[in-house]
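Input: a single structure, listed below in structure tokens.
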Amino acid sequence: GAVVSQHPSWVICKSGTSVKIECRSLDFQATTMFWYRQFPKQSLMLMATSNEGSKATYEQGVEKDKFLINHASLTLSTLTVTSAHPEDSSFYICSALLAGGPGEQYFGPGTRLTVT
Amino acid sequence: DQQVKQNSPSLSVQEGRISILNCDYTNSMFDYFLWYKKYPAEGPTFLISISSIKDKNEDGRFTVFLNKSAKHLSLHIVPSQPGDSAVYFCAATFWGGNEKLTFGTGTRLTIIP
Chain A
16 GAVVSQHPSW VICKSGTSVK IECRSLDFQA TTMFWYRQFP KQSLMLMATS NEGSKATYEQ
76 GVEKDKFLIN HASLTLSTLT VTSAHPEDSS FYICSALLAG GPGEQYFGPG TRLTVT
Chain B
-6 DQQVKQNSPS LSVQEGRISI LNCDYTNSMF DYFLWYKKYP AEGPTFLISI SSIKDKNEDG
54 RFTVFLNKSA KHLSLHIVPS QPGDSAVYFC AATFWGGNEK LTFGTGTRLT IIP
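Protein sequences, first through last, are from chains A and B.
For the first sequence, the positions run 16 to 131 when our numbering is used.
For the second sequence, the positions run -6 to 106 when our numbering is used.
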């Protein structure tokens, strides 16, 4: 149980375009999902907390107008990278919080974004 | 400000021996700690966790030790197996922190057959 999927697994886009990444909890409902990004050989950095039915909470330094997060249902959160630039190229990972778990987040497989 | 640190970026251990991965934290409000295993281009997989009310938690080959006074935790893997080769992240959170995890920088563990 506790499976989280992400789509797409990798995407290449041109600079200036927007890309949407989906995160789904497949066998449980998640009122809270998180979005991280990871640069090569670095730690996972939390970008934002996504709560179903409310606005996302962004971490300091993360542009909310650039990284649009929508948590429309208890099993789906989306991250849209708007007007992507090469510096946005990274590995984006989502996680879903299993209700009742004090921090036991289940992670998706990640999405590799390359902006050319 | 790196609140969770893993000072060893890499570690090599012979198969069958014990692997010990270390993690230090600075925020005394953290009261729940987790270890994740990560393969390249995949999301982290939860391994084991420990609450600050305990100093040890075991799950099969994995044991996590917590030393609150030293703000230090460690993950022991015994016996180490080739499939354990991966990057290990420790993470910390605290009640009332909206379940946000703060991750360490990771340690790449290589098990030598």
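Glycine included, C-beta positions come from ideal geometry on N, C-alpha and C.
Note that the structure is predicted; figures quoted are calculated from it, not measured.
Quiz prompt | For arginine 54/B, the first and last residue of its enclosing beta strand (DSSP E) | solution = Here arginine 54/B belongs to no beta strand (DSSP E), and DSSP marks it neither H nor E.
Quiz item: chain A beta carbons: is any one of them nearer than 8 Å to that of lysine 61/B?
Solution: The C-beta of lysine 61/B comes no closer than 8 Å to any C-beta of chain A.
Quiz item: Would you call glutamate 92/B buried or exposed, if buried means 16 or more other Cβ atoms sit within 10 Å of its Cβ?
Solution: Its Cβ being crowded by 16 or more others within 10 Å, glutamate 92/B is buried.
Exercise. Could you run through the stretch 25 to 49 of chain B and flag, in chain order, every residue whose CB is less than 9 Å away from some CB of chain A?
Key: The stretch 25 to 49 of chain B vs chain A, Cβ under 9 Å: Tyr25, Phe26, Leu27, Tyr29, Lys31, Ala34, Glu35, Gly36, Pro37, Thr38, Phe39, Ser42, Ser44.
Exercise. Alpha carbon to alpha carbon, how far is leucine 113/A from glutamine 44/A? Give it in angstroms, no decimals.
Key: The alpha-carbon separation between glutamine 44/A and leucine 113/A amounts to approximately 8 Å.
Quiz item: Taking the beta strand (DSSP E) that asparagine 66/A falls in, what are its first and last residues?
Solution: Per DSSP, the continuous beta strand (DSSP E) segment holding asparagine 66/A begins and ends at 59 to 66.
Quiz item: Looking at the structure shown, is aspartate -6/B part of a helix, part of a strand, or coil, going by DSSP?
Solution: Reduced to three states, the DSSP call for aspartate -6/B is coil.
Quiz item: The beta strand (DSSP E) spanning arginine 10/B covers which residue range?
Solution: Per DSSP, arginine 10/B belongs to no beta strand (DSSP E) and is neither H nor E.
Exercise. Can you give me the Cβ contacts of glycine 99/B inside the same chain, cut-off strictly under 8 Å, excluding the 5 residues immediately before and after it?
Key: So the qualifying residues of the chain are Gln(-1), Pro2, Lys31, Val80, Tyr81, Phe82.
Quiz item: For arginine 127/A, which residues in chain B fall below 7 Å Cβ to Cβ?
Solution: Per Cβ cutoff of 7 Å: Ala34.
Exercise. Report yes or no: do three or more beta-carbon pairs, one from the stretch 87 to 105 of chain A and one from the stretch 28 to 37 of chain A, lie closer than 8 Å?
Key: With contact defined as three or more Cβ pairs closer than 8 Å, the stretch 87 to 105 of chain A and the stretch 28 to 37 of chain A are in contact.
Quiz item: My guess is that phenylalanine 54/A and serine 110/A are in contact by the Cβ rule of under 8 Å, so how many angstroms apart are they, rounded?
Solution: Cβ atoms of phenylalanine 54/A and serine 110/A stay farther apart than 8 Å, at about 18 Å.
Quiz item: Quick one: Cα of alanine 99/A to Cα of serine 5/B, how far?
Solution: Rounded to whole angstroms, the separation of the alpha carbons of serine 5/B and alanine 99/A is 39 Å.
Quiz prompt | Uninterrupted beta strand (DSSP E) stretches inside the stretch 22 to 103 of chain A (no shorter than 3 residues) | solution = Qualifying beta strand (DSSP E) stretches, in chain order: 25 to 28, 34 to 40, 47 to 53, 59 to 66, 82 to 88, 91 to 96.
Quiz item: Whose C-alpha, out of Trp28/B, Gly9/B, Ala34/B, Arg54/B, is nearest the C-alpha of serine 42/B?
Solution: Shortest Cα-Cα distance from serine 42/B to any of Trp28/B, Gly9/B, Ala34/B, Arg54/B involves Trp28/B.
Exercise. Could you check which residue in Ser65/A, Tyr51/A, Thr32/A has the C-alpha nearest to that of alanine 59/A?
Key: The sequence given here places leucine at residue 59/A; alanine does not occur at that position. Per the Cα distances, Tyr51/A.
Quiz item: So, does the CB of threonine 90/A fall closer than 8 Å to a CB anywhere in chain B?
Solution: With its beta carbon at least 8 Å from every one in chain B, threonine 90/A lies outside the interface.
Quiz item: Can you check whether the CB of threonine 95/B is closer than 8 Å to the CB of glutamine -4/B?
Solution: Yes, the Cβ-Cβ distance between glutamine -4/B and threonine 95/B is below 8 Å.
Exercise. Keeping to the same chain, check which residues put their C-beta closer than 6 Å to that of tyrosine 73/A; ignore five residues upstream and five downstream.
Key: Ala63, Lys79, listed in sequence order.
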